[in-house]
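Per the working numbering, the very first residue in the sequence shown carries number 3; after that it's consecutive.
Notes to accompany the following structure.
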Amino acid sequence: MPPPPIDGDIDLPVIRDKLLELLRLLWAFFSNIFIQLWSTISTACIVLWSYMVQGFEAVWTWPPLEAFRTELVAAVIALWDYVLAHPVTAGTIFVLAYIVVPCVYNTLSMFLLHGLGFRRQGVLRDSYAANYQSTSYGGNMPRGSTFARWQSQGAKGGGASSSRRN
3 MPPPPIDGDI DLPVIRDKLL ELLRLLWAFF SNIFIQLWST ISTACIVLWS
53 YMVQGFEAVW TWPPLEAFRT ELVAAVIALW DYVLAHPVTA GTIFVLAYIV
103 VPCVYNTLSM FLLHGLGFRR QGVLRDSYAA NYQSTSYGGN MPRGSTFARW
153 QSQGAKGGGA SSSRRN
């Protein structure tokens, strides 16, 4: 069944004009708030940045740190010269430091957690972890404790930095 016809009393162009005026007012209101908010946030960021730069310069130019600055600059220059002279060795050191060592650390910590009794299903019965939990905590496990973190990592099936989820 079609909707009933609209009475002749409703003036659609007037309603449209009023709605457009309302939208213009709302736009002006919210854009003004946004501009003020943006101005406040950007000013705060600039002030914070200037304080950070001033603090860094104050610490960096502090006279007792002169020897440290000199040694640090010399070390960075020497490191850059070494990288330019030995790119393969530098690349190997980079791969070892940022890929191999974290993988080995994660694997070893996973085996350590597994050996202590932290498993995917929970703490293994009659394991060192179960014994420690029953004697130290009983039924009240403190949130954020080392034991709770290890239990969480064991349940994830990973080591110290695992982000895998079941």
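C-beta: ideal position from N, C-alpha, C; glycine also.
Burial state of residue i (16 or more Cβ within 10 Å)
i    : result
L115 : buried
G140 : exposed
W152 : buried
E155 : For the sequence presented, residue 155 should be read as Gln rather than Glu. Looking at its Cβ environment, which holds 16 or more other Cβ atoms inside 10 Å, Q155 is buried.
Proximal residues to residue i (C-beta, below 7 Å), its chain only, five neighbours per side dropped
i    : result
L14  : none
R167 : Residue placement at R167 cannot be trusted, given a pLDDT of 41 that sits under 50; what the coordinates show is reported in the next sentence. Excluding positions up to five away in sequence, the list reads K158.
Start-to-end residues for the alpha helix (DSSP H) that takes in residue i
i    : result
L110 : 103 to 118
P216 : In the structure as shown, the chain starts at 3 and stops at 168, and residue 216 therefore has no counterpart that could be examined.
I12  : First-last for I12: undefined, no H or E at that position.
N142 : Looking at the DSSP string, N142 is not in any alpha helix (DSSP H), and its letter there is neither H nor E.
S154 : 148 to 158
Supposed contact pair residue j and residue i - C-beta distance, whole angstroms, cut 8 Å
i    : j    : result
A2   : V85  : The chain is shown only over 3 to 168; residue 2 falls outside these bounds and no answer can be derived.
L118 : A131 : 5 Å
For residue i, the residue or residues it bridges with in DSSP
i    : result
G124 : R121
Nonlocal neighbours in the same chain, by C-beta distance under 6 Å from residue i, ignoring five residues either side
i    : result
A162 : Any reading at A162 is ruled out, since the residue's pLDDT is 49, under 50, leaving its predicted position unreliable.
Own chain residues within Cβ distance below 8 Å of residue i, not counting five before or after
i    : result
S164 : Residue placement at S164 is flagged as unreliable, the pLDDT there being 41, under the threshold of 50; a coordinate-derived value is accordingly withheld.
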